Amino acid sequence: MAEQTASTKKVKFIITRQDSPDAASYVEEFELPYRPGMNVISALMEIQRNPQNNKGENVAPVCWESNCLEEVCGACSMVINGKPRQACAALIDKLEQPIRVQPMRTFPVVRDLIIDRSRMFNALKRVKAWIPIDGTYDLGPGPRMPEKKRQWAYELSKCMTCGVCLEACPNVNDKTDFIGPAAISQVRLFNAHPTGEMNADERLDSLMDDGGIEGCGNSQNCVRSCPKGIPLTTSIAEINKQSTKHLFKKWLSV
Amino acid sequence: MNGYYSRKLHSLLGVIPLGLFFIEHALTNFGAFEGGLARFNAGVKLLNDLPLLYVLEWVLIYIPLIYHGVFGLYIAYQAKPNNGRFQYSRNWRYTFQRITGVITFVYVVWHVYETRVQLALGHLTHEELAGTMHNIMIQPGLFTLYLIGVISASFHFANGLWSFLVSWGITVGPRAQRVSSYICMTMFVLVALMFVLSMVAFRRAEFQEATALLDTVKLVLS
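Chains as they are written, first to last, in this note's numbering: chain H, 460 to 713; chain X, 229 to 450.
This is the structure we're talking about:
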């Protein structure tokens with residue numbers, strides 16, 4: 460079988476590396492034997508097994524982060540051939556070579572391809588992306604969600620906080636404090652929930668402040684980049700609508 | 229001011245009143261193409277006969293213009309365009325919106341200095357405006373600069389209107405946003421065309437005669 464014969468075909472990687480958060484980045488090239496069905500994660504595992512660059516020098520293995528290996532956890536997001544995406548779903552057969560791999564620099568780089576996505580989790584806290592149901596007594600069942608609504612809301616719930624939309628956004632950078640598309644879409648999700656709706660205004664208020672929804676510049680790269688196909692720009696426009704209504708209600712009621 | 233309000237105000241002022249004034253300006257200028265000198269001068273006179281002219285100018289034009297312009301420069305500074313990596317038409321329009329915004333800012337400062345400021349300083353009268361525009365438009369270099377200026381301003385206006393509809397939650401879904409982008413881009417072409425045609429019209433001899441005539445009157449009077 461072809462798979463079992465030693466392949467002479469090589470795969471070339473150009474990886475942007477960084478030894479520590481404050482260190483300067485550098486580029487290192489690797490050449491690996493091709494195996495059918497390989498993806499960027501399995502290639503990185505290959506480098507881990509045999510950490511030798513294309514000059515034959517033994518180097519520290521390339522660090523990365525990954526968990527689920529099926530594009531649902533969001534941990535292995537990196538920039539592959541210029542586009543932010545999950546490394547586990549990036550099949551070598553479908554990539555142009557040499558394959559350029561970089562960390563998503565919108566986030567602080569911890570080491571090599573590992574980034575710190577804390578700002579996304581802080582953003583979820585800021586917008587209160589949850590439904591408060593705790594009380595001193597059993598509150599009973601909440602209102603039911605119409606099936607039709609559940610269907611589109613389910614799409615929004617697929618967000619895995621992977622950070623690709625923030626990386627693709629020209630308005631998420633060190634000159635702005637824009638919260639990014641992901642958290643805004645979560646506000647739409649929780650505001651759509653019949654119980655979550657009871658706290659809708661709090662979530663809108665959290666976005667109607669510095670670094671909130673106004674940071675969107677309508678480049679719409681987010682919706683084109685989202686690996687889960689979440690309609691992020693529809694979410695942003697919907698939250699624009701909700702916040703506009705909320706703004707006028709607030710002004711006209713005091 | 230809270231960033232949300234300042235950004236919202238920027239978005240609102242871009243359309244009301246600035247966008248409306250921009251359309252009005254295009255129409256008045258187009259009078260030069262449609263009906264020549266007399267029509268253009270009638271348009272200028274109509275505007276200048278408005279009551280509370282100074283108040284209207286400051287409230288509806290200068291204050292919104294300064295706010296929108298200066299805050300807009302800050303927004304343009306905050307952008308980190310990534311068109312190399314994401315070559316989508318929406319992303320290009322995002323970048324062009326910022327570039328044309330900066331061009332329009334410079335162009336408007338220059339244009340206001342040449343016209344309104346000169347009027348205020350008494351170097352120019354409303355009747356001489358047509359002649360002044362003629363003298364600018366017959367110079368190929370200045371004509372080109374004006375061409376860049378009006379096309380940038382028209383794009384910035386039309387694309388800004390598209391963004392306005394999204395930012396205020398009027399066009400929410402992808403289909404609504406697509407249809408509004410067709411409408412807005414058509415507006416860009418039409419408004420730009422109106423400005424360019426009026427610029428071409430200003431090159432006509434009748435506008436020169438306006439200057440010549442005034443010069444004669446001045447000579448006789450002096």
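Each residue gets a CB set at the ideal place from its N, CA and C atoms; glycine is no exception. Predicted model only: the values in this text are computed from it and were never measured.
Min CB distance residue i to chain H below 9 Å
i	result
K273(X)	no
F314(X)	yes
T399(X)	yes
G231(X)	yes
A433(X)	no
R235(X)	yes
A386(X)	no
W338(X)	no
T332(X)	no
Q436(X)	no
V407(X)	no
V394(X)	yes
S391(X)	yes
Cutoff 9 Å: residue i Cβ touching any chain X Cβ
i	result
M563(H)	no
C675(H)	yes
L503(H)	no
I672(H)	yes
I643(H)	no
M667(H)	yes
A659(H)	no
S702(H)	yes
N630(H)	yes
L554(H)	no
Q679(H)	yes
K542(H)	yes
Buried or exposed by the 16-neighbour rule on C-beta atoms within 10 Å, applied to residue i
i	result
W710(H)	exposed
W390(X)	buried
S291(X)	Ser is not the amino acid found at residue 291(X); the sequence shown has Ile there. By the neighbour-count rule (16 or more Cβ atoms within 10 Å), I291(X) is not buried but exposed.
S694(H)	buried
G781(H)	Since the first residue of chain H shown is 460 and the last is 713, residue 781(H) is not available in this structure.
M717(H)	This structure cannot settle anything about residue 717(H), because the visible part of chain H is limited to 460 through 713.
H354(X)	exposed
C527(H)	exposed
N387(X)	buried
G271(X)	buried
A519(H)	exposed
H351(X)	exposed
CB contact below 9 Å: residue i versus chain C
i	result
L625(H)	Here chain C cannot be found, since the structure's protein chains are H and X.
Whole-Å CB distance - residue i paired with residue j, under 8 Å assumed
i	j	result
D571(H)	C522(H)	4 Å
A696(H)	V419(X)	Between V419(X) and A696(H) the Cβ distance is about 25 Å, and since that is not below 8 Å, they are no contact.
F333(X)	L370(X)	Rounded, the Cβ-Cβ distance is 18 Å, inconsistent with contact.
V499(H)	T565(H)	Their Cβ separation, rounded to whole angstroms, is 19 Å, which puts V499(H) and T565(H) out of contact at 8 Å.
Q405(X)	V417(X)	Not a contact, Cβ separation roughly 19 Å.
Practice task
Quick one: which unbroken beta strand (DSSP E) runs of 3-plus residues sit fully inside the region 324–370 of chain X? Chain order, please.
Solution key: Runs of the beta strand (DSSP E) spanning 3 or more residues and lying entirely within the region 324–370 of chain X do not occur at all.
Handout entry: Entirely enclosed alpha helix (DSSP H) segments - the region 230–310 of chain X, minimum 4 residues
Key = Counting only unbroken stretches of 4 or more residues, the alpha helix (DSSP H) elements lying wholly within the region 230–310 of chain X are 231–243, 246–276, 281–284, 291–306, in sequence order.
Handout entry: Whole alpha helix (DSSP H) elements within the region 496–561 of chain H, 4-residue minimum
Key = Whole alpha helix (DSSP H) segments, 4+ residues: 499–508.
Practice task
Please specify which runs of the alpha helix (DSSP H), each continuous and at least 4 residues long, are wholly inside the region 556–642 of chain H, giving them in chain order.
Solution key: DSSP runs (the alpha helix (DSSP H)) wholly in the region 556–642 of chain H: 577–585, 606–616, 623–627.
Handout entry: Short-range partners of chain H found in the region 286–311 of chain X, where Cβ spacing is below 9 Å
Key = Listed in sequence order: I303, Y305, Q306, A307, K308, P309, N310, N311.
Practice task
Closer than 9 Å, Cβ to Cβ, to anything on chain X: give me those residues from the region 632–656 of chain H, in chain order.
Solution key: Going along the region 632–656 of chain H in chain order, one finds N632, D633, K634, T635, D636, F637 with a Cβ nearer than 9 Å to chain X.
Practice task
Pull out every residue of the region 601–626 of chain H whose Cβ sits closer than 7 Å to any Cβ of chain X, in chain order.
Solution key: Those would be none; no residue qualifies.
Problem - Completely contained alpha helix (DSSP H) runs for the region 682–713 of chain H, where each covers 4 or more residues - result: Listed in chain order, they are 691–711.
Exercise for the section: Please list the segments of the alpha helix (DSSP H) lying wholly inside the region 648–675 of chain H, counting only runs of 4 or more residues, in order along the chain. Expected result: As far as the region 648–675 of chain H is concerned, its whole alpha helix (DSSP H) runs of at least 4 residues are 659–666.
Problem - Contacting positions in the region 318–330 of chain X - beta carbon closer than 7 Å to chain H - result: For the region 318–330 of chain X, the set of positions with a beta-carbon nearer than 7 Å to some beta-carbon of chain H reads R318, N319, Y322 in chain order.
Exercise for the section: Give, in chain order, every residue of the region 690–701 of chain H whose Cβ lies closer than 9 Å to some Cβ of chain X. Expected result: Within the region 690–701 of chain H, the qualifying residues are P690, T692, T693, I695, A696, E697, I698, N699, K700, Q701.
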